[in-house]
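Note that UniProt numbering gives residue 169 to position 169 of the sequence shown, counting from 1, and the numbers run on in steps of one. Below is one structure, written out as structure tokens; comments come after it.
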Amino acid sequence: MALEIVTVPCLSDNYAFLAHDAATGATAVVDVPEAAPILNALRERGWKASHILITHHHADHVDGVPALAAATGARVIGAAADARRLPRLDEAVKEGDAVRIGMAAGRVLDVSGHTVGHVAFHFPDSKAVFTADSLMALGCGRVFEGTPEQMWRSLSKLAALPPDTQVYSGHEYTQANARFALTIEPENDALISRAEAVSAARAAGRATVPSVLSEELATNPFLRARLPEVKAAIDMKGASDAEAFAQIRARKDRF
Numbered sequence: 001m002a003l004e005i006v007t008v009p010c011l012s013d014n015y016a017f018l019a020h021d022a023a024t025g026a027t028a029v030v031d032v033p034e035a036a037p038i039l040n041a042l043r044e045r046g047w048k049a050s051h052i053l054i055t056h057h058h059a060d061h062v063d064g065v066p067a068l069a070a071a072t073g074a075r076v077i078g079a080a081a082d083a084r085r086l087p088r089l090d091e092a093v094k095e096g097d098a099v100r101i102g103m104a105a106g107r108v109l110d111v112s113g114h115t116v117g118h119v120a121f122h123f124p125d126s127k128a129v130f131t132a133d134s135l136m137a138l139g140c141g142r143v144f145e146g147t148p149e150q151m152w153r154s155l156s157k158l159a160a161l162p163p164d165t166q167v168y169s170g171h172e173y174t175q176a177n178a179r180f181a182l183t184i185e186p187e188n189d190a191l192i193s194r195a196e197a198v199s200a201a202r203a204a205g206r207a208t209v210p211s212v213l214s215e216e217l218a219t220n221p222f223l224r225a226r227l228p229e230v231k232a233a234i235d236m237k238g239a240s241d242a243e244a245f246a247q248i249r250a251r252k253d254r255f
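And the structure:
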């Protein structure tokens, strides 16, 4: 059973997501930067949050969890490895654990790197993965707590999902990410076209999230660090995939 998924803008550039199972009425909220816009989006649709899925501990993803849980009675689910830094959990999960939203079955992926204990939620029948600040549209999160090798393993795990998977990431950073990506592959036709489409979408006030994994594989420099032509472009012929990724991430940090 496929979930109906709604993108909810929060704060200045964050996204939360509603994932609704029409058959049962169950509705998950993925990350809660702030409660008010999410409660408004639920009210507009006549939905009630039954679950809150937390990806990682950063304040711009969890600050609204207590208020939303209090208002809705939703069950709060997050990583066991990070429970000490998360709002109070009703269910602590780890890599491979099942998560069910009504009739929709998902699983937990450990995507540590941006933070240690960061998780993603993959719902294969809905062709959806909620990645927050791990894999992002044309980018990835800074490696604040993990290592580049750890982040590369996490991105590789996400890259191996079916290419038609919709990637629901946590921020509207795509236009800036496109500008950086073009410094790595300025002659990548797919990237040039995507950058133009992103600029047009933003000029019209449209969100660029979610994206499609196949598009990320064709244009996202962080996923493409394994390719010989990308290694050549950053003067790292013969480097390991993780080493090339680390170099690209370092360049983005200085961009």
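Even for Gly, the Cβ is constructed at its ideal location relative to N, Cα and C. Every value quoted in this text rests on a predicted model; they were computed, and no experiment measured them.
Cβ pair residue i, residue j closer than 9 Å
{"i": "L3", "j": "W47", "result": "no"}
{"i": "V108", "j": "T131", "result": "no"}
{"i": "V111", "j": "S154", "result": "yes"}
{"i": "S211", "j": "A137", "result": "yes"}
{"i": "A92", "j": "G73", "result": "no"}
{"i": "F180", "j": "R251", "result": "yes"}
{"i": "P87", "j": "V76", "result": "yes"}
{"i": "D21", "j": "A104", "result": "yes"}
{"i": "G117", "j": "H56", "result": "yes"}
{"i": "P124", "j": "P162", "result": "yes"}
{"i": "G141", "j": "H122", "result": "no"}
{"i": "E185", "j": "E216", "result": "no"}
{"i": "L227", "j": "T165", "result": "no"}
{"i": "A225", "j": "W152", "result": "yes"}
Distance between residue j and residue i (C-alpha atoms, nearest Å)
{"i": "A218", "j": "R194", "result": "10 Å"}
{"i": "G170", "j": "E34", "result": "13 Å"}
{"i": "E95", "j": "A81", "result": "10 Å"}
{"i": "Y15", "j": "I234", "result": "32 Å"}
{"i": "L89", "j": "A83", "result": "7 Å"}
{"i": "H114", "j": "F222", "result": "13 Å"}
{"i": "G139", "j": "A71", "result": "34 Å"}
{"i": "H61", "j": "P37", "result": "13 Å"}
{"i": "V129", "j": "D97", "result": "15 Å"}
{"i": "I54", "j": "G238", "result": "38 Å"}
{"i": "E196", "j": "S156", "result": "27 Å"}
{"i": "E187", "j": "E149", "result": "27 Å"}
{"i": "D63", "j": "I248", "result": "31 Å"}
{"i": "R202", "j": "N177", "result": "13 Å"}
{"i": "L182", "j": "G146", "result": "26 Å"}
{"i": "E172", "j": "G205", "result": "11 Å"}
{"i": "P9", "j": "M236", "result": "38 Å"}
{"i": "F255", "j": "M1", "result": "42 Å"}
{"i": "D253", "j": "V32", "result": "26 Å"}
{"i": "E44", "j": "K231", "result": "48 Å"}
{"i": "D13", "j": "N220", "result": "20 Å"}
{"i": "S240", "j": "I5", "result": "37 Å"}
Residue i beta carbon near the ligand FAD (any heavy atom closer than 8 Å)
{"i": "G238", "result": "With respect to the ligand FAD, the structure shown offers nothing to examine, as it has no ligands at all."}
Integer Cβ distance of residue i from residue j, believed to fall under 8 Å
{"i": "V143", "j": "T174", "result": "With 8 Å as the limit, V143 and T174 do not qualify as a contact, their Cβ atoms being about 19 Å apart."}
{"i": "V29", "j": "A59", "result": "That belief does not hold up - the Cβ atoms of V29 and A59 are roughly 16 Å apart, past 8 Å."}
{"i": "T7", "j": "A207", "result": "6 Å"}
{"i": "I101", "j": "A26", "result": "5 Å"}
{"i": "L158", "j": "S134", "result": "7 Å"}
{"i": "L68", "j": "L39", "result": "7 Å"}
- At which residue ranges does the UniProt domain "Metallo-beta-lactamase" (13-171) contain complete alpha helix (DSSP H) runs of 4 or more residues, listed in the order of the chain? 36-45, 59-62, 65-72, 148-159
- Message: Under 8 Å, with one C-beta from each stretch per pair, do the region 238-246 and the region 189-204 reach the 3-pair mark?
- Response: no
- Message: Which runs of the beta strand (DSSP E) at least 3 residues long sit entirely within the region 180-245? Give them in chain order.
- Response: none
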